[in-house]
Amino acid sequence: MADIAELKKTATQIRRDIIRMVNSASSGHPGGSLGCADIFTALYFEILDHDPSFNMDGKGEDMFFLSNGHVSPVFYSTLARSGYFDIAELATFREINGRLQGHPTTHEGLPGVRIASGSLGQGLSVAIGVALSKRLYGDDKTVFVLTGDGELQEGQIWEAAMFAPHHKVDNLILIVDWNGQQIDGPNDEVISLGDLPAKWKAFGWEVMQMDGNNMQDIIETVTQAKSKLGNNKPICILMKTVMGQGVDFMMHTHAWHGKAPNDEQTEIALSQLEETLGDYPNP
Amino acid sequence: MQHINDIEVLGKKATRDGFGAGLLEVGRNNSEVVALCADLIGSLKMNAFIDEFPDRFYQVGIAEANMMGIAAGLATGGKIPYTGTFANFSTGRVYDQLRQSIAYSHKNVKVCASHAGLTLGEDGATHQILEDIGLMKMLPGFTVINPCDYNQTKAATIAIADYQGPVYLRFGRPGWPIFIPENQPFVIGKALKLAEGTDVTICATGHMVWQSIEAAKQLELEGISVELLNIHTIKPLDNEAILASVAKTGCLVSAEEHQKLGGLGGSIASLLGSHDPKPIELVGVNDTFGESGKPTDLLDKFGLGVKDVISAVRQVISRK
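Each protein sequence line maps, in turn, to chains A and B.
The first sequence begins at 1311 in our numbering and counts up one residue at a time.
The second sequence begins at 276 in our numbering and counts up one residue at a time.
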């Protein structure tokens, strides 16, 4: 049984890490990172059967892939907090000679990262390939992939969307961060995504929805999704989140998609996020 | 070491047939090998592999970007994926996927590309990519191979499975003379000396190796002794073999079915410029697009004929 209170505490600490990392780098993407803190916490601290000693091929493990690489702060904090590397390294985010590059990469050998992402639209295809390899090896674990919603404007996503049901890739769970925002504004103003549930359903996916900022709902929905695996269909969870969740002045706007808070804003943000597990040390 | 006139023609087949035969053999020898294709199974000669290993093949449809991503995922899981489509759709169309999901991510993907260059023929310039060597040699970590005949393509297809890292394997459509012995081992990155000579070095890759053999035979009649190096691996380039040959002959001609800008000739010119400046002439396409026509007619029209190799040799010798 998941300890929801404990998971919420972890997510709050991860939100603090995000704010501090982006502030110290004076750049990065806090909005989507804050919105996704709950799903990352749920995956790495409850749902995934994973091994932080890290093997690239992930045989015998559930594997997570991040397609919208710009939310690297939440990815790095989650990986560090779940044991992939020391939390002290979070202080090197976006710094020269560091492993915590602006967008995640395997190039610097950071444990927990299996593919570079940043140029959008590529992660779903990669996750499908990994899911196929698991099938070939007789490995019954699950592959998870997170994409943004603006990212669904990339054509490659729909190539992959067509492929997975055709090839009955049913060991795969796609989670779409459906916060409705992208760099230039709301999705509906930039390029409308239309009826997303109907689109994924029409492509042949099992479609579910959840509140990505409600830990209880995340745990229940993803658990239910796992029970639907193995039925010849890939699963798409459309996850409603609020960009900037947890920091009042960053919520419900695209303004903080890719902007770092200054020291004063950081202080206000941190005052809204309780230090639950101990901050990573200042460099 | 053999003389240019000792090179024997063993038959005629397309290099893409060599790929098909190599894929089947490497599939039998290595159970980690899997294959993907973007709706061009027949053109890529992948049928034999698919018939024998249906569970290790994925039809992706006309969706090359997705194919490259899936290949990166299969490699992440431990497999050795071979992707098959035309050279144009294997490179220019999917450059960002190759760059981020494969090259930057260090994935062990073999990008196998048929119908490269002018010798694609009648389909015309939309499909005749002449920029792919340049695109691929610029990607950090990619090995770039352009074998010259059926036997070499087959051997290369097999050899790249044992090499850990991304590879671009480029081959072509038309039937072409076979002159590399069947048992010739394929060593990635090692130039193959096809003929010993003293007056000029020709460094040729792909279909242009045969054109260079024909040119060298005619030059021999004029008393010009050609040293012919088959540069099947454009990256990493066999610097040592090229410099050793030029130290002896004093000049060099490069020959490739590709733009002069950014291809094999550019790599060699850069090497000579920094190590041993000697006259060099490039045989290649001169900053233009191809067109429809018969393969050999196109080679002649766009400066890749036997006559063009010969005139480049005369020119470079005159500059010594």
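Every residue gets a Cβ at the ideal spot worked out from N, C-alpha and C, and that includes glycine.
Asked                                                                                                                                                                                                             : Found
Would you mind working out which of B:Phe328, B:Thr366, B:Ile453 sits nearest asparagine 304 (chain B), comparing C-alpha positions?                                                                              : B:Phe328
DSSP three-state label for serine 1336 (chain A), please.                                                                                                                                                         : coil
Check whether the Cβ atoms of isoleucine 408 (chain B) and glycine 293 (chain B) lie closer than 9 angstroms to each other.                                                                                       : no
What did DSSP end up calling histidine 1413 (chain A) once you bin it into helix, strand or coil?                                                                                                                 : coil
For the 8 angstroms Cβ check, are there 3 or more pairs between the region 276 to 291 of chain B and the region 490 to 497 of chain B?                                                                            : yes
Could you run through the region 323 to 338 of chain B and flag, in chain order, every residue whose CB is less than 8 angstroms away from some CB of chain A?                                                    : Asp330, Arg331, Tyr333, Val335, Gly336, Ala338
What number of angstroms, rounded off, separates the C-alpha of serine 545 (chain B) from the C-alpha of leucine 503 (chain B)?                                                                                   : 19 angstroms
Going by beta carbon distance, what residues of the same chain come within less than 7 angstroms of valine 315 (chain B), once the five residues before and after it are set aside?                               : Just to set this straight, residue 315 (chain B) is leucine in the shown sequence, not valine. Answer for leucine 315 (chain B): Gly359, Thr360, Phe361, listed in chain order.
Between the Cα of methionine 1553 (chain A) and the Cα atoms of A:Ala1312, A:Gly1345, A:Met1311, which residue gives the shortest distance?                                                                       : A:Gly1345
Hey, serine 1427 (chain A) and glutamine 1466 (chain A) are a contact pair by Cβ (cut 8 angstroms); roughly how many whole angstroms apart?                                                                       : Between glutamine 1466 (chain A) and serine 1427 (chain A) the Cβ distance is about 12 angstroms, and since that is not below 8 angstroms, they are no contact.
Within 10 angstroms of its Cβ, does glutamate 515 (chain B) collect 16 or more other Cβ (buried), or is it exposed?                                                                                               : exposed
Does any C-beta atom of chain B lie closer than 9 angstroms to the C-beta of phenylalanine 1454 (chain A)?                                                                                                        : no
Note down the Cα distance separating asparagine 1378 (chain A) from glycine 1458 (chain A), rounded to an integer number of angstroms.                                                                            : 6 angstroms
Give every residue of the same chain whose Cβ lies closer than 8 angstroms to the Cβ of threonine 1576 (chain A), excluding the five residues on either side of it in the sequence, and list them in chain order. : Ile1329, Arg1330, Asn1333
What runs of the alpha helix (DSSP H), each 4 residues or longer, lie entirely inside the region 281 to 306 of chain B?                                                                                           : 290 to 304
Relative to the C-alpha of proline 1507 (chain A), which residue among A:Leu1462, A:Ile1349, A:Ala1437 is closest?                                                                                                : A:Leu1462
Excluding sequence positions up to five away, which residues of its chain have a Cβ less than 6 angstroms from the Cβ of leucine 467 (chain B)?                                                                   : Asn505
If we ignore side chains and look at the alpha-carbon of each, how far apart do tryptophan 1468 (chain A) and leucine 579 (chain B) end up?                                                                       : 41 angstroms
From methionine 321 (chain B) to alanine 1312 (chain A), what distance separates their C-alpha atoms?                                                                                                             : 49 angstroms
Whose CA, out of B:Ile555, B:Leu414, B:Thr432, lies closest to the CA of valine 301 (chain B)?                                                                                                                    : B:Thr432
Run through the DSSP bridge pairs and tell me what glutamate 1405 (chain A) is partnered with.                                                                                                                    : None, per the DSSP bridge assignment.
With respect to 8 angstroms, is the separation between the Cβ of alanine 1335 (chain A) and the closest non-hydrogen atom of the ligand MG below this value?                                                      : Of the ligands one can find in the structure shown there are none, so the ligand MG has no counterpart to examine.
Identify whether glutamine 1323 (chain A) lies in helix, strand or coil by the three-state DSSP scheme.                                                                                                           : helix
For valine 588 (chain B), would you say it is in contact with chain A, using Cβ-to-Cβ distances shorter than 9 angstroms as the test?                                                                             : no
Measure the alpha-carbon distance for lysine 582 (chain B) versus alanine 1441 (chain A) and round it to whole angstroms.                                                                                         : 53 angstroms
Contact check, isoleucine 1438 (chain A) vs glycine 336 (chain B) under 8 angstroms by CB: the rounded distance?                                                                                                  : Actually they do not touch by this definition, with Cβ atoms about 13 angstroms apart.
Quick check on the DSSP output: what are the complete alpha helix (DSSP H) runs of length 4 or more inside the region 429 to 476 of chain B, in order along the chain?                                            : none
So the alpha helix (DSSP H) histidine 1476 (chain A) belongs to, where does it begin and stop?                                                                                                                    : 1465 to 1476
Could you spell out the range, first to last residue, of the alpha helix (DSSP H) harbouring tryptophan 1510 (chain A)?                                                                                           : 1506 to 1512
What does aspartate 1367 (chain A) touch in chain B if you count any residue whose Cβ is under 8 angstroms from its own?                                                                                          : Thr351, Gly352, Gly353
Isoleucine 517 (chain B) CB to nearest chain A CB: under 9 angstroms?                                                                                                                                             : no
Using C-beta distances below 7 angstroms, list every residue in its chain close to proline 1414 (chain A), excluding the 5 sequence neighbours before and after it, in chain order.                               : Leu1376, Gly1379, Ser1382, Phe1385, Val1423, Ala1426, Ser1427
May I ask you to report which of helix, strand or coil DSSP gives tryptophan 485 (chain B)?                                                                                                                       : helix
Within the continuous alpha helix (DSSP H) that includes aspartate 1487 (chain A), where are the two ends?                                                                                                        : Per DSSP, aspartate 1487 (chain A) belongs to no alpha helix (DSSP H); it is in the beta strand (DSSP E), 1482 to 1488.
Check whether the region 517 to 524 of chain B touches the region 422 to 431 of chain B, counting contact only when three or more Cβ pairs, one atom from each stretch, lie closer than 8 angstroms.              : no
Between the C-alpha atoms of leucine 1539 (chain A) and asparagine 1481 (chain A), what's the straight-line distance to the nearest angstrom?                                                                     : 6 angstroms
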